[in-house]
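A.B. asks:
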Amino acid sequence: MRQLAEPPTSTSPPIQSTPLRAVPPIPKDAQILHPATSAISGPSGVSATSSPHRPAPQVTLRDLSGDISATSLFTDASPSASFGNNKKRAKKTRVKDSAKKEEFLKLRERILDESETNSLDSLAQNLADVIKLMKGYRTSAPIVANWEALDAITERLVNHHTFPRTGDDKEAFSTIVTRVVATPVKELATRVESQAKAIISLTKTVESLKKAPVLTDCSAQGTSPKPDKSYARAASKPAPPIPHPSDERILVRFDDVMPPLIDREHHEILREINVHLASLKLPELMYTQKRPGTSTIFIVPKTKEDLATLTEHWDVWAPGTLPGGRIAPVAQYCYLQVNGVPFSAVESLDDVAKSFEERNPALGKALSISWVNKPPSMEKIASIAGRGHKPPTAGSLFIRLQSREYVDRAVAAGRVILVGMAPTVQRGFPHLRVRQCWGCLKFGHSRAQCGVKTERCGGCGKGVHGLGCTEKPNCINCGEAHRSDSYACPTRKRIAAQLNQRAADICRALDEASIHNKNGTTTESDQLPPILLAHLAAGRASFSNSFAPRLHERS
Numbered sequence: 001m002r003q004l005a006e007p008p009t010s011t012s013p014p015i016q017s018t019p020l021r022a023v024p025p026i027p028k029d030a031q032i033l034h035p036a037t038s039a040i041s042g043p044s045g046v047s048a049t050s051s052p053h054r055p056a057p058q059v060t061l062r063d064l065s066g067d068i069s070a071t072s073l074f075t076d077a078s079p080s081a082s083f084g085n086n087k088k089r090a091k092k093t094r095v096k097d098s099a100k101k102e103e104f105l106k107l108r109e110r111i112l113d114e115s116e117t118n119s120l121d122s123l124a125q126n127l128a129d130v131i132k133l134m135k136g137y138r139t140s141a142p143i144v145a146n147w148e149a150l151d152a153i154t155e156r157l158v159n160h161h162t163f164p165r166t167g168d169d170k171e172a173f174s175t176i177v178t179r180v181v182a183t184p185v186k187e188l189a190t191r192v193e194s195q196a197k198a199i200i201s202l203t204k205t206v207e208s209l210k211k212a213p214v215l216t217d218c219s220a221q222g223t224s225p226k227p228d229k230s231y232a233r234a235a236s237k238p239a240p241p242i243p244h245p246s247d248e249r250i251l252v253r254f255d256d257v258m259p260p261l262i263d264r265e266h267h268e269i270l271r272e273i274n275v276h277l278a279s280l281k282l283p284e285l286m287y288t289q290k291r292p293g294t295s296t297i298f299i300v301p302k303t304k305e306d307l308a309t310l311t312e313h314w315d316v317w318a319p320g321t322l323p324g325g326r327i328a329p330v331a332q333y334c335y336l337q338v339n340g341v342p343f344s345a346v347e348s349l350d351d352v353a354k355s356f357e358e359r360n361p362a363l364g365k366a367l368s369i370s371w372v373n374k375p376p377s378m379e380k381i382a383s384i385a386g387r388g389h390k391p392p393t394a395g396s397l398f399i400r401l402q403s404r405e406y407v408d409r410a411v412a413a414g415r416v417i418l419v420g421m422a423p424t425v426q427r428g429f430p431h432l433r434v435r436q437c438w439g440c441l442k443f444g445h446s447r448a449q450c451g452v453k454t455e456r457c458g459g460c461g462k463g464v465h466g467l468g469c470t471e472k473p474n475c476i477n478c479g480e481a482h483r484s485d486s487y488a489c490p491t492r493k494r495i496a497a498q499l500n501q502r503a504a505d506i507c508r509a510l511d512e513a514s515i516h517n518k519n520g521t522t523t524e525s526d527q528l529p530p531i532l533l534a535h536l537a538a539g540r541a542s543f544s545n546s547f548a549p550r551l552h553e554r555s
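Counting from 1, position 101 in the sequence shown corresponds to residue 101 in the UniProt record's numbering; the numbering is continuous, with no gaps.
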């Protein structure tokens with residue numbers, strides 16, 4: 001529980017002023033006074049308490065809660081202040097603080113009394129009383145008893161199993177947090193996001209109207225009007241359609257027995273299919289991608305025109321190489337990317353999938369989970385540490401959900417509960433990752449898809465000769481003096497920028513589509529008790545109005 005020292009009684013009285021919207025500038029000679037500090041030093045290093053005739057302006061950190069005027073943070077620095085009035089005001093303040101302390105201590109005892117506070121509803125009522133009391137003393141700084149009452153509420157919420165709801169099983173703490181906090185915050189965030197996007201749209205419309213050219217009659221002069229290159233003209237064009245994964249690749253599904261060709265290596269599958277396509281004078285494939293544990297395989301042509309041709313002539317070329325296969329619809333952007341997952345917290349991906357489904361029931365079932373970048377091996381960690389760098393300790397996960405609607409829900413919430421944490425999430429695009437072969441070290445394919453049998457050293461670019469390469473670094477992609485797997489490679493940065501831009505365009509289109517979806521992208525989870533929902537909203541409003549400006553000042 002937080003332990004705070006009682007703040008000292010200042011010789012200078014606080015100014016009683018009305019709340020202001022704008023925070024006045026802090027004087028240059030103002031000094032910070034911590035609640036546990038009894039004296040401060042003036043600008044010249046002299047103790048402020050040693051000079052009663054010229055007290056330095058004081059800025060106290062006690063004022064972190066309540067709707068308190070910004071000007072009440074400063075004491076009067078005028079040497080002509082009346083000491084008689086100061087004593088009267090200080091005595092009045094001490095009496096007021098004593099009464100406030102007694103009320104907060106009574107609330108704290110009532111909160112910790114298990115016979116009186118024995119349910120979430122009663123705890124919510126106590127929270128409402130604390131908020132009401134804080135608002136009643138909004139013109140004075142909080143005291144230790146104030147924090148003790150709030151800490152008591154936190155302690156009872158953590159030990160919620162001492163008052164389970166009638167007729168319900170004891171819920172896990174994460175479930176309590178999801179039911180009590182996540183749903184209201186999610187609703188509020190969705191509304192704020194919609195309003196923010198509406199404001200941005202209106203702002204762009206106003207700017208477009210300002211920049212729109214004025215049409216004039218140019219026929220009398222025999223000249224044609226200048227071409228309209230304004231933003232209004234560009235904005236009037238319809239947005240490009242969302243690219244569908246099926247516009248880039250073909251998903252082949254085998255309902256019965258998979259052909260023997262699928263059991264071979266990627267480069268062998270690609271070579272045999274391309275030889276068969278060339279004999280039929282059909283466009284060749286760029287690469288293939290097997291899906292472990294499933295009876296499917298992706299085939300990716302070089303262009304959309306090639307994809308349309310191969311799809312149209314499927315019955316001509318497929319029976320010779322992929323017998324028993326059929327074209328299946330590709331899932332529409334149903335991948336969720338979870339960021340910042342510690343490698344040490346994941347024992348197996350199956351456990352992660354089970355935990356995801358238990359902690360996030362509103363997001364449905366996790367069909368598959370994979371690492372964006374696999375955890376480094378011990379050899380890789382030793383190699384990174386040997387170069388003087390810190391090995392990565394966390395990574396991102398791709399989670400494939402049942403539909404895009406579940407992804408929209410998760411993105412609207414911003415976070416999910418996983419492995420005892422609440423990591424951030426975003427839309428995932430596994431097919432838009434930077435792929436680098438660890439054999440030839442070229443970009444655009446993986447080691448399993450590479451047709452080159454001779455591996456190269458990631459340091460010097462020559463033949464493999466162990467992890468401890470001592471030769472001069474040489475990148476085989478750009479020719480500069482760095483390792484071929486370096487993230488500073490200009491070629492890698494250029495490819496990553498192109499993929500990121502494409503992913504951003506798709507995300508923007510998907511977000512706009514989800515906002516205008518009549519059915520909505522989020523659903524109501526378990527309803528909160530009305531009293532708890534109302535007072536939690538009041539608590540958030542009190543925090544936003546009181547704490548946020550003070551924290552902004554401190555930063």
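Virtual Cβ for every residue (Gly too), placed ideally from N, Cα, C. This one's a predicted model, so the numbers in the text were calculated from it and none came from an experiment.
Rounded to whole angstroms, what's the CA-CA distance from Gly340 to Ile417? Just pull it up for me.
C.D. replies: Taking the sequence shown and counting its residues from 1, the one referred to as residue 340 is at position 340. Taking the sequence shown and counting its residues from 1, the one referred to as residue 417 is at position 417. Spanning the two alpha carbons is a distance of roughly 12 Å.
A.B. asks: For Met134, count the other beta carbons within 10 Å of its own beta carbon; 16 or more makes it buried, fewer makes it exposed. Which is it?
C.D. replies: Here residue 134 refers to the residue found at position 134 when the sequence shown is read from its first residue. The residue is buried, with at least 16 neighbouring Cβ atoms inside 10 Å.
A.B. asks: Are Pro485 and Leu441 touching if we call contact CB-CB under 8 Å?
C.D. replies: By 1-based counting over the sequence shown, the position of residue 485 is 485. By 1-based counting over the sequence shown, the position of residue 441 is 441. Strictly speaking, residue 485 in this sequence is Asp, with Pro absent from that position. Cβ distance < 8 Å, so Asp485 and Leu441 count as in contact.
A.B. asks: DSSP has Leu418 in a bridge; who is on the other side?
C.D. replies: In the sequence shown, the residue the question calls residue 418 occupies position 418. In DSSP, Leu418 forms a bridge with Met421.
A.B. asks: For Gly386, which of helix, strand or coil comes out of DSSP?
C.D. replies: Position 386 of the sequence shown, counting from 1, holds the residue named residue 386. In the structure shown, Gly386 sits in a helix (DSSP, three-state: H, G or I).
A.B. asks: Do Gly451 and Arg483 have their C-beta atoms within less than 8 Å of each other?
C.D. replies: The sequence position of residue 451 within the sequence shown is 451, counting from 1. The sequence position of residue 483 within the sequence shown is 483, counting from 1. No. Outside cutoff.
A.B. asks: Is DSSP giving Gly463 helix, strand or coil here?
C.D. replies: Your numbering for residue 463 matches position 463 in the sequence shown. Reduced to three states, the DSSP call for Gly463 is strand.
A.B. asks: For Asn360 and Val346, what's the separation of their Cα atoms in angstroms?
C.D. replies: Mapped onto the sequence shown, residue 360 falls at position 360. Mapped onto the sequence shown, residue 346 falls at position 346. Near 17 Å, if we compare the C-alpha coordinates of Val346 and Asn360.
A.B. asks: Is the stretch 501-511 touching the stretch 422-432 in the sense that three or more CB pairs, one from each, lie closer than 8 Å?
C.D. replies: yes
A.B. asks: Is it buried or exposed, Val257, if we count other Cβ atoms within 10 angstroms and call 16 or more buried?
C.D. replies: Counted from its first residue, the sequence shown places residue 257 at position 257. So Val257 counts as exposed.
A.B. asks: Are the CB atoms of Val434 and Leu349 within a distance shorter than 8 Å?
C.D. replies: Taking the sequence shown and counting its residues from 1, one reaches residue 349 at position 349. Taking the sequence shown and counting its residues from 1, one reaches residue 434 at position 434. No.
A.B. asks: Is Arg415 near Tyr335, with beta carbons less than 8 Å apart?
C.D. replies: Your numbering for residue 415 matches position 415 in the sequence shown. Your numbering for residue 335 matches position 335 in the sequence shown. Their beta carbons are not under 8 Å apart, which means Arg415 does not touch Tyr335 by this criterion.
A.B. asks: Which residues share a DSSP beta bridge with Gln289?
C.D. replies: Here residue 289 corresponds to residue number 289 of the sequence shown, with the count starting at 1. Phe298, per the DSSP bridge assignment.
A.B. asks: With DSSP collapsed to three states, give me the class of Trp371.
C.D. replies: Locating residue 371 in the sequence shown gives position 371, counting from the first residue. Strand.
A.B. asks: Exposed or buried, which one is Asn373 when buried takes at least 16 other CB atoms within 10 Å?
C.D. replies: Locating residue 373 in the sequence shown gives position 373, where the first residue counts as 1. Asn373 is exposed by the Cβ-count criterion.
A.B. asks: Between the Cα of Ala328 and those of Leu285, Arg249 and Leu261, spot the shortest distance and give me the residue it belongs to.
C.D. replies: Along the sequence shown, read from residue 1 onward, the residue named residue 328 stands at position 328. The shortest Cα separation from Ala328 among Leu285, Arg249 and Leu261 belongs to Arg249.
A.B. asks: Do the CB positions of Gly395 and Trp371 come within less than 8 Å of each other?
C.D. replies: Mapped onto the sequence shown, residue 395 falls at position 395. Mapped onto the sequence shown, residue 371 falls at position 371. For Gly395 and Trp371, yes; Cβs fall inside 8 Å.
A.B. asks: Under the assumption that His266 contacts Gln449 (Cβ atoms under 8 Å), give the Cβ distance between them as a whole number of angstroms.
C.D. replies: For this step, residue 266 is matched to residue 266 along the sequence shown. For this step, residue 449 is matched to residue 449 along the sequence shown. With a Cβ gap of about 4 Å, His266 and Gln449 count as contacting.
A.B. asks: Excluding sequence positions up to five away, which residues of its chain have a Cβ less than 6 Å from the Cβ of Leu307?
C.D. replies: Within the sequence shown, numbered from 1, the residue matching residue 307 stands at position 307. Cβ within range, chain order: Pro301.
A.B. asks: Give the secondary structure of Asn500 by DSSP, where H, G and I count as helix, E and B as strand, and everything else as coil.
C.D. replies: Your numbering for residue 500 matches position 500 in the sequence shown. In this structure, Asn500 counts as helix in the three-state DSSP scheme.
A.B. asks: Beta-carbon within less than 6 Å of Glu471's beta-carbon, same chain only, minus the 5 sequence neighbours each way: which residues are those?
C.D. replies: As a working mapping, residue 471 is identified with position 471 in the sequence shown. Closer than 6 Å at the Cβ level, and outside the excluded window around Glu471, lie Cys460.
A.B. asks: Taking all protein chains shown into account, decide if Ser544 is buried (16 or more other Cβ within 10 angstroms of its Cβ) or exposed.
C.D. replies: Counting from 1 along the sequence shown, the entry for residue 544 is found at position 544. Here the model assigns Ser544 a pLDDT of 40, short of 50, so the residue's position is not dependable and the matter cannot be decided.
A.B. asks: Determine the DSSP secondary structure at Tyr335, reduced to helix, strand or coil.
C.D. replies: In the sequence shown, counting from the first residue as 1, residue 335 sits at position 335. Tyr335: strand per DSSP, three-state reduction.
A.B. asks: DSSP puts Arg427 in a beta bridge; with which residues?
C.D. replies: Within the sequence shown, numbered from 1, the residue matching residue 427 stands at position 427. In the DSSP output, where bridge partners are listed per residue, Arg427 has Leu336.
A.B. asks: What residues match up with Pro342 in a beta bridge as DSSP calls it?
C.D. replies: What you label residue 342 is simply residue 342 of the sequence shown in a count that begins at 1. According to DSSP, Pro342 bridges with Ala394.
A.B. asks: Among Ser295, Lys493, Met286 and Lys106, which one has its Cα closest to the Cα of Val252?
C.D. replies: The sequence position of residue 252 within the sequence shown is 252, counting from 1. If we check each option's Cα against that of Val252, Ser295 comes out closest.
A.B. asks: For Pro375, which residues from the same chain have a beta carbon less than 7 Å from its beta carbon, with the 5 sequence-adjacent residues on both sides left out?
C.D. replies: Indexing the sequence shown from 1 puts residue 375 at position 375. The answer, listed in chain order, is Phe343 and Gly395.
A.B. asks: So, under 8 Å CB-CB, Pro259 and Gly324 are touching, yes? Tell me the CB distance rounded to an integer number of Å.
C.D. replies: In the sequence shown, residue 259 corresponds to position 259, counting from 1. In the sequence shown, residue 324 corresponds to position 324, counting from 1. Confirmed, Cβ separation roughly 7 Å.
A.B. asks: Just tell me which of Glu148, Ser98 and Gly388 has its CA closest to the CA of Arg110.
C.D. replies: Position 110 of the sequence shown holds residue 110. Taking only the C-alpha atoms, the option nearest Arg110 is Glu148.
A.B. asks: Who are the Cβ neighbours of Arg447 in its own chain at under 7 Å, not counting the five residues just before and after it?
C.D. replies: As a first step, residue 447 is located in the sequence shown; it is residue number 447 there, counting from the start. Closer than 7 Å at the Cβ level, and outside the excluded window around Arg447, lie Cys437, Trp438 and Gly439.
A.B. asks: Would you mind working out which of Leu120, His465 and Asp505 sits nearest Thr154, comparing C-alpha positions?
C.D. replies: Indexing the sequence shown from 1 puts residue 154 at position 154. It is Leu120.
A.B. asks: Assuming the contact rule is C-beta atoms closer than 8 Å, Cys457 and His465 should be a hit. Round their C-beta distance to whole Å, please.
C.D. replies: As a first step, residue 457 must be located in the sequence shown, where it is residue number 457. As a first step, residue 465 must be located in the sequence shown, where it is residue number 465. Rounded, the Cβ-Cβ distance is 6 Å, consistent with contact.
A.B. asks: Which residue comes first and which comes last in the alpha helix (DSSP H) that contains Ile327?
C.D. replies: Position 327 of the sequence shown, counting from 1, holds the residue named residue 327. That residue, Ile327, is in no alpha helix (DSSP H); its beta strand (DSSP E) goes Gly325 to Ala328.
A.B. asks: State yes or no: is the C-beta of Leu105 within less than 8 Å of the C-beta of Ala145?
C.D. replies: Position 105 of the sequence shown holds residue 105. Position 145 of the sequence shown holds residue 145. For Leu105 and Ala145, yes; Cβs fall inside 8 Å.
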